[in-house]
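So the sequence lines, in the order shown, correspond to chains A and B. When you line the first sequence up against this note's numbering, it's residues 1 to 890, in that order. When you line the second sequence up against this note's numbering, it's residues 1001 to 1116, in that order. See below for the structure under consideration.
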Amino acid sequence: MWRRTRKASDFGAEIEAHIALETERLQEQGFSYEDARSAARLTFGNVTRVQERFYEASRWPEWDHFWQDGRYAARMLRKSPGFTAIAVLTIALGIGAATAIFSVVDATLLHPLPYPHPEQLVSVIDDLPGVGAQDVGMSVPEWHDFARSGIFEYVSPLGGGDVNLTGSSQPTRILFAAVPPNYFALLGAEPELGRSFNPEDATPGFTLEVLISDRLWKGAFASDPRILGKNIRLDNDLYQIIGVMPAGFHDPGRTAAERSTELWLATGFAGPPAPDPLRASHFLAPVIARIKPGLTMVEAQSGLDALVASLQNEFPEDYPLQSAWRVRLVPLKQTVVGDVRQSLIMLLGAVGLVLLIGCVNVANLLLARASARGREMAVRQALGAERSRLVWQLLSEGLLLSLLGGIVGIAILFCAKEFLLRIVPDSLPRLNEVSISWPVLLFALLATVIAGVIFGLAPAWHAGRVDLNYMLKQEGRGSTGSGEQARTRRVLVVTEFALSLVLMIAAGLLLRSFADLLQVQLGFNPQNVLAVRTWLPIPNDPATDIYRTPAQAAPFLREVLRRGRTLPGVEEIAMGDSAALPLGHGREDLNRYPLLMEGREAPSNGAPLVDASIVTPGYFHLLGMTLLRGRLFGEADDEKAPAVVVINETFARTYWPNENPVGQRIKIRMPGDRTTFAWNTVVGVLADSRTESLTDPSVPEMYMSLYQRPAKDLAIFMRGRLDAAAIPVELREQVQAVNPELPVFGAQTLHEALAGSLAARRFSMEIVGLFALTALLLAGMGIYGVISYLVSERTHEIGIRLALGAQRHRILQMILRQGLGLAIAGAAIGLVGALIVAHLMAGVLYGVRPADPVTFGVVALLLIAVALLACYIPARRAIRVDPLVALRHE
Amino acid sequence: MTTQDTRERLELLQGTLDLLILRTLIFGAQHGQGIARAIQQTSDEELLVEHGALYPALQRLEERKWISAKWGISRNNRKARFYTLTAAGRKQLVRETSKWNRLTAAIGRILESEEG
């Protein structure tokens, strides 16, 4: 019953009418008007009391008090605009930043995947823990076994890449996904036009039907209404469009690139160009599946374990015991989000700390004001205000402040949304789902209320414990500040310093990690190198492939290199496959092959996997890699010469720890691969270089000659003073002069690749750094406030000291020592917190120990220096005090 | 005390005012002052009703939907708020009256046995 059904004025009118009627009645009995009226009033009793009773009975008084407090708080805030502005901005900053980070967390970690019943979707991952290999891929027979197991509704491997599309308005290179016909049924997705594949289709190779994305339809086909049934060519093979997927549909990929598939091909993964469907031929990865409804993850996993065990018994030669084949189910969402989780949680923690420090700061400001208003509070209490009402009033001031801050913060966020999304690296999963949604706003509201309660509580708590006599006796003095209040403010400042130190050490560690990464010996020289990609078509029928063997491809390769060398600025040119692209490639570009070594028996599944790149001889010199022993391969090592291979130091150390690797023979091949390759002789050993990953120095790598082993996914590397805008176009002309069918795309300097591989790290470092600076600034402001308050309180005392002949520098020391004490206490507590946080962060650090003494020391000193600076300003004011003025100060 | 009348009047028992108001309204719509008058007159001026106490009670009864109210004109042409018994109020009156009768009968019996 908080809504009044009847107005108080109406009630008042009724009472008025009553008294008038009664007066009239008494007048009729012969009394004079005055007597009648006073008698009527007398019989009525206490009008005010009756009205109060009406008032209390007909509404919820708390609600009323709430409004009253709110109005009062608004008046107080209007009266001190400077204070209000600082407090609101501090909170706005905290709430805005926290909401921004939360919106990313919400989209990536909290939202379910955008498919029906996402909880049933899993990734199916094959591991060989016996040989230390993870995610080795699945073979076609295994896929069929799993699909028939009764555990899953559908199982679906995902392949893909990019392909040359002709038949649209102009030839384009598009991203495609090769999926089994059950793929869309598995995800529960329907096309917006036409139909999707028949999930029961068992064609071993590619079906001749494709689905295209809404974007491709609207772009390359100009929203052609007669798109269904249209024929197109992909790498010269003919396909028919049967449907268009809606704009909102995305593959469950990790990054924007993986999710922007433009065309889906259906395949059984068992016909050309796929390898023979042998049990040992593990090439299907990633594999996703939908668990049968009613089965839990645990039940599905134990069913799968039983199936794996029985398959191991049935095919002992394919699943040797020592490789310990295992299949693991992981919720699909987890694979999609990947390792971003840790960084995001770190950012959320950091922003939470900033918000908390902001709260502490505002609490400090409020407390300073509360001490100035101590008398007002005491007077109100003396006049009969209940303590709870005063506490509520101060709390509502806090809430109003934080509400204003929250609104400003969200407003800024709305305005800066576009800009903020641009500085977030593209590699963030589910980036396009980030939005300021209702849950995000709810979070902001919750954060606002909690913040308001946190910083409204400190002054409110004190207001509830005021000593009336003491307060009122402080004759004529506006500021009193009980000892207890001053102590609370000091505790708040120490808290602030501790929290800031934690943030700054986190930022320092990230900064050092980043600096270490920039200092890393790359082992190659990315200076002035530009890579452009091209792709030789892979027709479904190998017989029609004009670049099938190295002998067939070599003339083309040599001609492109010859023409490229003539381009302006080009000093060196070389080619490689996409695995040869340093750093800039995604996981799908890695070629990990089982390695066979001559003279050593390796079980088919026990073979170690190595990264292999295929390059032309000029590659090593162009990238500035160092040869340690043996020789590099040259132009003479062509298809007619014995096959050779160059390995890196880690490779040599791993497989021939005590032998000379030069002269050893190795080969790599997919088990079940139809093509048989000869043994490769190791001719040289290169110094390690970080072409795979900046953070991982030791990856065994091997390089084969493009003239001896064919590759389709080509990259052309050029070094020189290149015009990055013109050279890709000029190169395209040269490539297409040799073969007009070939696409030339993806131009990127190695510097861009380097920057790209660091983007996510740089982002989290910059954000945490920004937060840490904010925290430092807030903590500095906090200590400044406390010390200047202290100084103004002690002006009188300082005046006496000066008058008695105290040295000014002694006074300066005295004040600085107080500030220093607070800073050191804060730093000491902060160091403990920072140690804990640093250990939690270990996973995102590189090259620096979590308890790095340099970072801890430097940050602590910096914090103390800032504290001293913040104290120096009020301290200087103190020693400039004129004793005469100070003594009169009352 | 607000009234320093010649005769000492009986103060109302807690909760009986509601019953008296409902009972008074059974004769038709009446305003607050009229109700106060009626209670005093019908009780032969025995009962002490502080007029002010009437209004919170009226407010309470109105909220419980036992009476309804409307502004109207009194006999001597004054604006006044008139209260009417609702159907629910009538039922409540019956309930309360029988409760009251049982209560007074019981208390009467006890008092008589003590005397006897």
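In this text, a Cβ means the ideal position worked out from N, Cα and C, and glycines have one as well.
For A20(A), go through chain B and note every residue whose CB falls closer than 7 Å to its CB, in chain order.
The residue you call residue 20(A) lines up with position 20 of the first sequence. Under the 7 Å cutoff, chain B gives R1078.
Go through its chain and collect everything with a Cβ distance to A553(A)'s Cβ below 6 Å, but skip five positions before and after it.
Position 553 of the first sequence, counted from the start, is the residue given in the question as residue 553(A). If we look at A553(A) and ignore the five residues flanking it on each side, its Cβ neighbours are Y547, P710.
Between the region 109-116 of chain A and the region 259-267 of chain A, can you find at least three pairs of beta-carbon atoms closer than 8 Å?
no
By Cβ distance below 7 Å, which residues in the same chain neighbour S1098(B) in space, the five residues on each side in sequence not counted?
As a position in the second sequence, residue 1098(B) is number 98, starting the count at 1. Taken in chain order, the list of residues that qualify is empty.
Would M1(A) count as contacting chain B if we go by Cβ distances under 9 Å?
As a first step, residue 1(A) is located in the first sequence; it is residue number 1 there, counting from the start. Any reading at M1(A) must be qualified, since the residue scores a pLDDT of 37, below 50, and its modelled position is unreliable; no value is offered.
Using a beta-carbon distance below 9 Å, is E34(A) in contact with chain B?
Sequence index remark: in the first sequence, residue 34(A) carries index 34 (1-based). For E34(A), the answer is no, since every Cβ of chain B falls outside 9 Å of its Cβ.
In angstroms, rounded to a whole number, what distance separates the CA positions of P661(A) and V682(A)?
Within the first sequence, the letter at position 661 stands for residue 661(A). Within the first sequence, the letter at position 682 stands for residue 682(A). Roughly 7 Å between the two C-alpha positions.
Using 8 Å as the Cβ pair cut-off and three pairs as the minimum, do the region 819-826 of chain A and the region 492-502 of chain A touch?
yes
7 Å Cβ cut-off: residues of chain B touching F44(A)
One-based indexing of the first sequence puts residue 44(A) at position 44. Residues of chain B passing the Cβ test: H1051, G1052.
Is the number of C-beta pairs between the region 1083-1098 of chain B and the region 1052-1067 of chain B that are closer than 8 Å three or more?
yes
Along the region 1020-1038 of chain B, where does the CB come closer than 9 Å to a CB of chain A? Name the residues.
H1031, G1032, Q1033, G1034, A1036, R1037
Selection from L441(A), I412(A), Q68(A) that minimises the alpha carbon distance to F102(A):
Stepping through the first sequence from its first residue, residue 102(A) is reached at position 102. Of the candidates L441(A), I412(A), Q68(A), the one whose C-alpha sits nearest the C-alpha of F102(A) is L441(A).
Which residue wins for smallest C-alpha separation from Y239(A), given the options D201(A), H282(A), L165(A)?
Walking along the first sequence from the start, residue 239(A) turns up at place 239. Considering only alpha carbons, the answer is L165(A).
Does the Cβ of S604(A) have 16 or more other Cβ atoms within 10 Å, making it buried, or fewer, making it exposed?
By one-based count along the first sequence, residue 604(A) stands at place 604. Caution is warranted here: a pLDDT of 49 is assigned to S604(A), below 50, making its placement in the model unreliable, and the coordinate value is therefore given only provisionally. Result: buried.
Rounded separation between Y789(A) and L840(A) - CA only
Here residue 789(A) is taken as the residue at index 789 of the first sequence, counted from 1. Here residue 840(A) is taken as the residue at index 840 of the first sequence, counted from 1. Their backbone Cα atoms lie some 38 Å apart in a straight line.
Could you tell me which chain B residues have their CB closer than 8 Å to the CB of A73(A), listed as they occur along the chain?
Here residue 73(A) refers to the residue found at position 73 of the first sequence. Within 8 Å Cβ-Cβ: nothing; A73(A) doesn't reach chain B, min ~32 Å.
Residue range of the beta strand (DSSP E) that F1082(B) falls in?
The count along the second sequence starts at 1 and reaches residue 1082(B) at position 82. Per DSSP, F1082(B) belongs to the beta strand (DSSP E) from 1079-1085.
Cutoff 9 Å: S1074(B) Cβ touching any chain A Cβ:
Position 74 of the second sequence, counting from 1, holds the residue named residue 1074(B). For S1074(B), the answer is yes, since a Cβ of chain A falls inside 9 Å of its Cβ.
So what's D69(A) in DSSP terms, helix, strand or just coil?
Here residue 69(A) corresponds to residue number 69 of the first sequence, with the count starting at 1. Three-state DSSP puts D69(A) in a helix.
Do the CB positions of L632(A) and G576(A) come within less than 9 Å of each other?
Position 632 of the first sequence, counted from the start, is the residue given in the question as residue 632(A). Position 576 of the first sequence, counted from the start, is the residue given in the question as residue 576(A). Contact: no.
My parser needs the alpha helix (DSSP H) runs of 4 or more residues fully inside the region 115-182 of chain A; what are they?
140-148
Buried or exposed: which applies to W143(A), given that a residue is buried once 16 or more other Cβ atoms fall within 10 Å of its Cβ?
As a working mapping, residue 143(A) is identified with position 143 in the first sequence. Buried, because 16 or more other Cβ atoms sit within 10 Å of the Cβ of W143(A).
Just to confirm before moving on: does the CB-CB distance between L750(A) and W535(A) stay below 9 Å?
Translated into the one-based positions of the first sequence, residue 750(A) becomes position 750. Translated into the one-based positions of the first sequence, residue 535(A) becomes position 535. It is not a contact, given that the beta carbons lie outside the stated cut-off.
Heavy atom of the ligand GDP within 8 Å of A324(A) beta-carbon:
The ligand GDP is not among the ligands present in this structure, which contains no ligands whatsoever.
Out of curiosity, what's the CA-to-CA distance linking A177(A) and G159(A)?
Counted from its first residue, the first sequence places residue 177(A) at position 177. Counted from its first residue, the first sequence places residue 159(A) at position 159. One C-alpha to the other measures close to 6 Å.
Closer than 7 Å by beta-carbon distance: list the chain B residues that pair up with E797(A), in chain order.
Translated into positions along the first sequence, residue 797(A) becomes position 797. Per Cβ cutoff of 7 Å: no residues; E797(A) is ~59 Å from chain B at best.
Could you tell me whether any Cβ in chain B is nearer than 9 Å to the Cβ of V47(A)?
Here residue 47(A) is taken as the residue at index 47 of the first sequence, counted from 1. Yes - at least one Cβ of chain B is within 9 Å of the one on V47(A).
Flag R25(A) as yes if its beta-carbon sits less than 9 Å from any beta-carbon of chain B, otherwise no.
In the first sequence, residue 25(A) corresponds to position 25, counting from 1. R25(A) counts as touching chain B.
Hey, quick one: how far does the beta strand (DSSP E) through G243(A) stretch, first residue to last?
Within the first sequence, residue 243(A) is the residue found at index 243, counting from 1. Taken as a continuous stretch (DSSP letters only), the beta strand (DSSP E) holding G243(A) covers 237-245.
Any Cβ of chain B within less than 9 Å of the Cβ of I291(A)?
Sequence index remark: in the first sequence, residue 291(A) carries index 291 (1-based). With 9 Å as the cut-off, I291(A) does not count as an interface residue toward chain B.
Can you tell me which residues form a DSSP beta bridge with D723(A)?
Stepping through the first sequence from its first residue, residue 723(A) is reached at position 723. Answer is none; D723(A) lacks a bridge partner.
Compare the C-beta of R1081(B) against all C-beta atoms of chain A and say whether one is closer than 9 Å.
Translated into positions along the second sequence, residue 1081(B) becomes position 81. Closer than 9 Å: yes.
Would the region 220-227 of chain A count as touching the region 175-189 of chain A if we require 3 or more Cβ pairs under 8 Å?
no
Counterpart residues of L714(A) in DSSP-defined beta bridges:
For the purposes of this step, residue 714(A) is taken as the residue at position 714 of the first sequence. Its beta-bridge partners are T534(A), D577(A).
Whole-Å CB distance - D237(A) paired with P539(A), under 8 Å assumed:
Locating residue 237(A) in the first sequence gives position 237, counting from the first residue. Locating residue 539(A) in the first sequence gives position 539, counting from the first residue. With a Cβ gap of about 6 Å, D237(A) and P539(A) count as contacting.
Hey, P617(A) and F524(A): beta-carbon distance below 9 Å or not?
Along the first sequence, read from residue 1 onward, the residue named residue 617(A) stands at position 617. Along the first sequence, read from residue 1 onward, the residue named residue 524(A) stands at position 524. The answer is no: Cβ separation not under 9 Å.
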